[in-house]
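**Q**
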Amino acid sequence: MKKNQAVFILFCIWSAQSVAQENLGSRNLEFSDASIKIENQIKLDVDQRDYQRLRSINGQKVVLQPLELIINGQKTLPKDVHTRGQSTLNFPRKSLSFDVETPVEIQHREFTKEMSHFILLSLSMDKYYVRNRLAFGLLQKIGLLEFFFAFTDLEVNGKSEGIYLAVQRPQDWAIQEQNSPIVIRRGYGHKIETSKTSKSTSKEDTKSYLESFKSIYKLIQTDSGEQLYTKLSEKMDLENYMSWLGVNYLLRNGDYADEVFFYFDSETNRFKIIPWDYDDIFSARPHEGSSPNSESASLLFSIEDDLDEKISTDPFLLEKYKEVLRNVCLALSDEVLADVFEATYSELYPYYLQEEIIQNVSTDLYKDANLENLRIELASDYLFIKGRRDFILEAKGD
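If you use the working numbering, the sequence shown corresponds to residues 21 to 418, in order.
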């Protein structure tokens, strides 16, 4: 498998130099050491016993009793701080959820976001801390992701815990900024893992939205072809969903069936998706579930979810998906890709310069993070995505 993947990568790099350049441009990465400053610093003080539990307990969630919380110089009263996630609970640097009394400001380049609730992703499994940032940036460029995110240093009891990604909770973005009545997190086997509603959503309406989501999976059992496409389009924004599948295919995302939220868009009266968790991109194979084995299904990286499998096997849906995949590839020009990759480097650069911050890699999955390896990784990933994009377009005849 490793040999086949290496051959594929080499072919992609060759392909990137030979096709589609007149439409997508030609751009090499330029890594500038003219760093922006460290944008965010979060200082959390807790009881020393809480701190030891936070670092040492594996696989269990921990609720902290904060003594003090200062975010970018602004002191705030924390109402709730607890660990979150699953896999990162097995690392000393755990992801955290914050609920604060007074909204605090977090900075990302020229943007400032006020939030009362936010998540700190520990990035303990994210190679050199780039994968979520790259994927979020690319999804943002094509209009699939709008929630706020920014790198930050987390300091606990006066000691840096390393580089984190501060993220607006997807549910908050959908309900507060898009006026969505409900947000559903899809789990394995398309079960409803969790759901959150706005304060104005009644119990009756909640039940109706949940039944509407479930009906998507009933339709794929009874209908097919253009009729299925039409009926599904009444329930969900299929182009939106297929674009997300296309990005997952392009990035070889190894785990995505249960890493997505569905929110009800009140303007179109259909479900749309919010992507989530991209530390498993550039995978050799899906981590869980099924790898497509037919020629048609090879345009999806995973068919773990029944809806994805239906899209890969229904000729009409598959043709629609191919059109969307092509448009995703065309939207991610060299200029767009380079902008995201160079921004990722410039944002991480000042954090990498601080020894007390970067030394925390010793407890992460990838322990060899340094500026040289960061540049090599970004350059390699850039060539891979360019080559894979151009290979897809060449296969489509573009």
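Built from N, CA and C at the ideal position, the CB exists for glycine as well.
If distances are taken between C-alpha atoms only, which option among Ser52, Gly157 and Gly79 comes closest to Pro295?
**A** Gly157
**Q** Answer with buried or exposed for Pro335, where buried requires no fewer than 16 other C-beta atoms within 10 angstroms of its C-beta.
**A** exposed
**Q** Between Cys349 and Gly266, is the Cβ-Cβ spacing less than 9 Å?
**A** For Cys349 and Gly266, yes; Cβs fall inside 9 Å.
**Q** Are Ser332 and Leu320 close, meaning C-beta to C-beta below 9 Å?
**A** Result yes, Cβ atoms of Ser332 and Leu320 sit closer than 9 Å.
**Q** Three or more C-beta pairs under 8 Å: does that hold for the stretch 200 to 209 against the stretch 145 to 164?
**A** no
**Q** Pick out whichever of Gly79, Leu141, Phe171 and Leu97 has its Cα sitting closest to the Cα of Tyr372.
**A** Out of Gly79, Leu141, Phe171 and Leu97, Phe171 has the C-alpha closest to the C-alpha of Tyr372.
**Q** Measuring CA to CA, which of Lys406, Thr108 and His137 is closest to Asp119?
**A** His137
**Q** Checking the sheet assignment: what are the DSSP bridge partners for Arg206?
**A** Ile212
**Q** Per DSSP, which one or two residues make a beta bridge with Lys179?
**A** Val176, per the DSSP bridge assignment.
**Q** So, for Glu343: in the same chain, excluding its five sequence neighbours on each side, which residues have a beta-carbon less than 7 Å away from its beta-carbon?
**A** none
**Q** Of the residues Leu141, Asp388 and Val280, which one's Cα is nearest the Cα of Ser263?
**A** Val280
**Q** Considering only the alpha carbon of each residue, which of Asp401, Pro86, Asp297 and Leu413 lies closest to Ala351?
**A** Leu413
**Q** Can Arg113 and Glu181 be called in contact, C-beta distance under 9 Å?
**A** Between Arg113 and Glu181, the gap from beta carbon to beta carbon is short of 9 Å.
**Q** Helix, strand or coil for Tyr283, going by three-state DSSP, please let me know.
**A** strand
**Q** What runs of the beta strand (DSSP E), each 3 residues or longer, lie entirely inside the stretch 243 to 310?
**A** 280 to 285 and 290 to 295
**Q** In terms of residues, what are the limits of the beta strand (DSSP E) holding Ile91?
**A** For Ile91, the enclosing beta strand (DSSP E) covers residues Pro86 to Ile91.
**Q** Tell me the residue span of the alpha helix (DSSP H) that contains Pro370.
**A** Asp354 to Tyr372
**Q** Three-state secondary structure (DSSP) at Lys63?
**A** strand
**Q** Whose C-beta lies closer than 6 Å to the C-beta of Ile126 among residues of the same chain, with five residues either side of it excluded?
**A** Asn60, Lys133, Ala170 and Ala186
**Q** How is the beta strand (DSSP E) around Ser76 delimited, first residue to last?
**A** Counting along the chain, Ser76 falls outside any beta strand (DSSP E), though it belongs to the alpha helix (DSSP H) covering Gln68 to Ser76.
**Q** Since Thr333 is in the alpha helix (DSSP H), which residue starts that stretch and which ends it?
**A** Asp326 to Thr333
**Q** Out of His128, Arg305, Ser215 and Gln241, state which residue places its alpha-carbon closest to the alpha-carbon of Tyr229.
**A** Ser215
**Q** Give me the residue from Val356, Leu357, Leu385 and Leu391 with the minimum Cα distance to Leu368.
**A** Leu391
**Q** Mark Ser200 as exposed unless 16 or more other C-beta atoms lie within 10 angstroms of its C-beta, in which case mark it buried.
**A** With 16 or more other Cβ atoms inside 10 Å of its own Cβ, Ser200 counts as buried.
**Q** Within 10 angstroms of its Cβ, does Glu315 collect 16 or more other Cβ (buried), or is it exposed?
**A** Confidence is the limiting factor: at Glu315 the pLDDT is only 48, short of 50, which leaves the residue's position unreliable, though a coordinate-based value still follows. Classification of Glu315: exposed, given that the 10 Å Cβ count is below 16.
**Q** Beta-carbon within less than 7 Å of Met145's beta-carbon, same chain only, minus the 5 sequence neighbours each way: which residues are those?
**A** Ser107, Thr108, Asp299 and Leu385
**Q** Whole angstroms are fine: how far does the CA of Val356 sit from the CA of Glu42?
**A** At Glu42, the pLDDT of 41 sits below 50, so the modelled position is not reliable; the number obtained from the coordinates is stated separately. If you take the alpha carbons of Glu42 and Val356, they lie about 15 Å apart.
**Q** Run the CB neighbour count on Val83, radius 10 Å, all protein chains shown included, and call it buried at 16 or more, exposed below.
**A** exposed
**Q** So who's on the other strand from Leu185, going by DSSP bridges?
**A** Leu141 and Phe171
**Q** In angstroms, rounded to a whole number, what distance separates the CA positions of Glu231 and Asp225?
**A** 10 Å
**Q** Please list, in chain order, all residues of the same chain as Glu419 whose beta carbon is under 8 Å from its beta carbon, the five residues on each side excluded.
**A** With the chain covering only 21 through 418, there is no way to say anything about residue 419.
**Q** Under a Cβ-count criterion, where at least 16 other Cβ atoms within 10 Å of its own Cβ denotes burial, should Asp410 be classed as buried or exposed?
**A** buried
**Q** For Ser218 and Ile195, I'd like the C-alpha separation in whole angstroms.
**A** Our two residues, Ser218 and Ile195, have alpha carbons roughly 6 Å apart in a direct line.
**Q** Which partner residues of Leu116 appear in the DSSP bridge assignment?
**A** Beta-bridge pairing links Leu116 to Thr103 and Leu140.
**Q** Lys161 lies in the alpha helix (DSSP H); which residues open and close that run?
**A** Where Lys161 is concerned, the enclosing alpha helix (DSSP H) stretches over Arg151 to Lys161.
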